[in-house]
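Peer 1: With the working numbering as the guide, the letters of the sequence shown map in order to residues 529 to 791.
Glycine included, every Cβ here is placed at the ideal spot set by N, Cα and C.
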Amino acid sequence: MKRLILFGFILSFAIGITQISWIEKQKASKIQAPSKGIEHLEIPALLPNEEIVKHTGFTLSYNERNEQANWVAYELTKEETVPVVKRSNKFVPDPDVPTGSATDEDYKNSGYDRGHLAPAADMEWSPKAMAECFYYSNMSPQVPAFNRGIWKKLEERVRAWAIENQDIYVVTGPVLTKGLSTIGPHKVSVPKYYYKVILDYRAPGIKAIGFLMPNAKSMKPLESYAVSVDSVEKVTGIDFFPKLPDAEEKALESTCKPQEWSW
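The following block contains the structure:
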């Protein structure tokens, strides 16, 4: 009888320890969980009459005058970095742009790459997302050495951050200014600079970073192009992550802390 009582006491104690351990794990998982509750956090502040186009893997703001996007925005999760489809390489006009997008003729013999804004490697999680990322609305004229060099390195680094941080928000695009040279019959503007802004909104390491890069070959390290999100906003005139609480947005966007990110 005493042995049974002692066994019951030990069993109850073990169950209690297991429950405490489980509760602590749940608390820890909540701390590490994404700060959800803000839908479409990646979408910049919209302007009146802005031409917004939503696709499976990303949303864009189309600029008819320059025949490319002002910005392309999307959330990238760790799970979405696992490829399930191959690169399509089928470039086509965007059927969802009411005013019509650029075409093959615009880039043919231009000397510029059809540079992805939302990269194909970020859309390998879905056949439809992959197909849509080859729409010309997601393309911008890029110097080949830039597109295949430093820009590609930044795209790869962003995917690494998505894996490390579980999910991130990305906004990317050309810096569109007056007086840019153009290519093709639709006069597609050739940007002199490109940008990316990235937000990791997962506690406890919430952080943001921006990049401004010239449309040219570069051998410099990625870190040398890192800037605050506010700096990108000043150059582009775009208000990024406007759904963040005001104080949080100000704190995240006003400083640049490359040391908070892996390189």
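Pairing CB atoms from the region 677 to 696 with CB atoms from the region 611 to 623, are three or more of them under 8 Å?
Peer 2: no
Peer 1: Report yes if the CB atom of D728 is closer than 8 Å to the CB atom of N693, and no otherwise.
Peer 2: yes
Peer 1: Taking the continuous alpha helix (DSSP H) assigned at A736, which residues delimit it?
Peer 2: Here A736 belongs to no alpha helix (DSSP H); instead the beta strand (DSSP E) covers K735 to P742.
Peer 1: How far does the beta strand (DSSP E) with W789 in it reach, from first residue to last?
Peer 2: Taken as a continuous stretch (DSSP letters only), W789 belongs to no beta strand (DSSP E), as it is neither H nor E.
Peer 1: Does the beta-carbon distance from A646 to V600 come in below 8 Å?
Peer 2: yes
Peer 1: Measure the beta-carbon distance from Y753 to F739 and round it to whole angstroms, keeping in mind my assumption that it falls under 8 Å.
Peer 2: 5 Å
Peer 1: Could you pull the start and end residues of the beta strand (DSSP E) that S589 belongs to?
Peer 2: T587 to N591
Peer 1: Only counting the same chain, and skipping five residues up and downstream in sequence, which positions put a Cβ closer than 6 Å to that of G643?
Peer 2: S668, Q670 and N675
Peer 1: By the DSSP assignment, the alpha helix (DSSP H) with I678 in it spans what residues?
Peer 2: Unbroken alpha helix (DSSP H) run through I678: I678 to N693.
Peer 1: Which residues share a DSSP beta bridge with D641?
Peer 2: Q670
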